[in-house]
Amino acid sequence: MKKEVKDTIIVELGEKLKEYPHFYLVDVTGLNAEATSALRRKCFKSEIKMVVVKNSLLHKAFEASDVDFEPLYESLKGNTAVLFAQTANVPAKLLKEYKDQGIPSLKAAYAEESIYVGADKLSELAALKSKNEVIAEIVALLQSPAKNVVSALQSSAGTIHGVLKTLGERAE
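Numbering-wise (the UniProt record's numbering), the sequence shown opens with residue 1 and increments by one.
Have a look at this one:
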């Protein structure tokens with residue numbers, strides 16, 4: 001491969017690292033063409049960008065990045081595919097489907113500005129909540145007390161009205 005081509009690939013990988021806030025390094029050793037195509041289709045349906053890369057080029061893209069990816073360098077061995085995603089837990093859920101087969105397996109991940117190394121982190125990554133899920137939970141929690149107050153006021157409107165009227169009429 002010519003140096004110009006390598007430089008172009010490193011720049012493209014660097015752009016993807018900036019574009020996607022989360023990525024997973026996956027070992028695809030042992031996947032045949034049919035299984036790889038099926039994995040790519042599943043990734044596409046889940047809005048995951050799958051790129052099979054040379055470890056040395058990915059290492060150089062990591063070094064050129066503003067983020068310190070040094071803990072991931074150890075994971076750059078064997079065949080590596082990078083799964084880029086906008087939502088942190090989507091690739092983990094996809095990989096959990098393959099857990100019984102063992103291929104592809106998680107090497108490492110960068111999700112929610114944290115680095116996870118090792119296949120044992122897959123369950124932890126799948127349990128991460130997406131930004132939209134967290135916002136929905138917060139909204140539900142905030143709405144709950146307000147709904148309770150409104151329902152209490154509606155159910156005892158006559159009682160509250162009577163108490164307020166008595167307090168208003170009472171001489172100071």
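Where a beta carbon is used, it is the ideal one built from N, C-alpha and C, also for glycine.
In the same chain as Y98, and ignoring 5 residues on each side of it, the C-beta atoms closer than 7 Å to its own belong to P104, in chain order. Counting along the chain, A109 sits inside the beta strand (DSSP E) bounded by residues 105 to 111. For I115, the uninterrupted beta strand (DSSP E) run begins and ends at 114 to 117, by DSSP. With 16 or more other Cβ atoms inside 10 Å of its own Cβ, A88 counts as buried. Shown here, Y98 sits in coil according to DSSP, grouped into three states, outside any helix or strand. Annotation for A35: the continuous alpha helix (DSSP H) segment containing it runs 33 to 45.
Per DSSP, A64 is one residue of the alpha helix (DSSP H) stretching across 55 to 64.
Between the alpha carbons of K93 and L164 lies a gap of roughly 55 Å. Distance between K49 and R41, taken at the CA atoms: about 10 Å. Scanning its chain for C-beta atoms nearer than 7 Å, with the 5 sequence neighbours on each side dropped, one finds around K96 the residues L122, A126, in chain order.
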